[in-house]
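Undergrad: Quick note, the working numbering runs 16 ahead of the 1-based positions in the sequence shown. Glycine residues also receive a C-beta, built at the ideal position from the N, C-alpha and C atoms.
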Amino acid sequence: MTHPRRFDTKIAVLLRDDLLAWQRLNVTAFLISGIASTHGEVIGKAYTDADGLTYLPMFRQPVLVFAGDPETLAAARGRALQRGLAPAIFTSDLFLTSNDEDNRAAVQATRTDRLDLVGLAVYGPKNAVDKVVKGAVLHP
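(1) Quick check on the DSSP output: the alpha helix (DSSP H) that includes L89 runs from which residue to which?
(2) Go through its chain and collect everything with a Cβ distance to F23's Cβ below 6 Å, but skip five positions before and after it.
(3) What span of residues does the alpha helix (DSSP H) with F75 cover, start to end?
(4) Between L133 and I105, which are expected to be in contact by the criterion C-beta below 8 Å, what is the C-beta distance as a whole number of angstroms?
(5) Identify the residues that DSSP records as bridge partners of F82: which are they?
(6) Could you check whether the stretch 89 to 104 touches the stretch 136 to 148, counting it as contact only if at least three pairs of C-beta atoms, one from each stretch, sit closer than 8 Å?
(7) If you drop the 5 nearest sequence neighbours on each side, which residues of the same chain put their C-beta closer than 7 Å to that of D33?
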């Protein structure tokens, strides 16, 4: 039997607490892709089943999903930036677009203090990420 491995880093997703189920899933998938594409060290090795078929690698550590109100998300973004952690963000405007170019244009057209955040993801030292998501609750 193996024992749970403790990591000195944490991957966290913070979602606005009033999203519909499909929105929560969609936002989480988009946000976590930002972590995976930027921090290659979080990706484990490929999986192989007993018949020798190979499957794609996944994160090597758990992803914790939290929920909070708009103020909690805004505060978390500020704390992430203060700690030098670049967050992935998803704004409500992105529900109205259908491609990466339009997504980036929607964010670029909005001042930082006017971004209507519906989600963010961060990766970094465990204690720093814990401080970023302070005030949020684990997603039910």
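TA: Short version:
(1) 86 to 98
(2) Q77
(3) Taken as a continuous stretch (DSSP letters only), F75 belongs to no alpha helix (DSSP H), as it is neither H nor E.
(4) 6 Å
(5) L30, L154
(6) yes
(7) A83, G84, D85
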